[in-house]
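Quick note: the sequence shown uses my numbering, first residue 7, plus one each step.
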Amino acid sequence: MSYKFKFQKVMSIKENEKNQVLADYKSSVKEFEEAAKSLYESLKKKETLEEDQRQQLQSGLSIQSIRHQQSFITGLEKTIMYYQQLVIKARNKMQQLQAILTEKNIEVKKYEVMHEKDFAVYEGQIKMQESQMMDEISIQQFMSKGR
């Protein structure tokens, strides 16, 4: 008699679902990191540009150059706002997937616990059957020697 867990198919499906959500979560983390990196680079570029502009203003700068740099900074600010929105969306998606992943992990763990308990019961039954067989063999041997 071989052991068969009655919820094995369900447990496999739950594990597959968990693995799929885990892959989606890892992908969302990567998207978040890329968006955050782009935001950081844009902020750093703006900071550097503004510092350069301050230094150039102290040494003297034409109005045309100031306008050009200011329009570039304005464009950079729009890019920064875009990346900020992208980071917020990516973070929200990542957090939602993390919550789903936690839920899936709990579901899988429940089935694993059920499996362990069921297997322990199975092992107990096997030991009890073996004990009964040993008792029967002992009785038969005693009866055959007693004759």
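Using N, Cα and C, we set each Cβ at its ideal position, and we do this for glycine too. Note that the coordinates shown come from a computational prediction; the quantities given were computed from them, not determined experimentally.
Selected residue, minimal CA-CA separation from residue i, among the options
i: Lys36; options: Met17, Tyr117, Val93 and Lys51; result: Val93
i: Gln90; options: Leu49, Ile132 and Leu63; result: Leu49
i: Glu113; options: Lys20, Phe11 and Ala42; result: Lys20
i: Thr108; options: Tyr9, Lys15 and Glu23; result: Glu23
Run of the alpha helix (DSSP H) containing residue i, from where it starts to where it stops
i: Phe38; result: Gln14 to Ser65
Nearest-angstrom Cβ-Cβ length linking residue i and residue j, presumed shorter than 8 Å
i: Gln26; j: Leu55; result: Between Leu55 and Gln26 the Cβ distance is about 44 Å, and since that is not below 8 Å, they are no contact.
i: Ile79; j: Lys52; result: 6 Å
Rounded C-alpha distance that separates residue i from residue j
i: Lys99; j: Glu39; result: 12 Å
i: Gln59; j: Lys115; result: 58 Å
i: Gly81; j: Leu45; result: 14 Å
i: Phe13; j: Tyr117; result: 8 Å
i: Ser77; j: Glu57; result: 15 Å
i: Gln102; j: Ala41; result: 17 Å
Environment of residue i [buried if 16+ CB atoms lie within 10 Å]
i: Ser68; result: exposed
i: Ser34; result: buried
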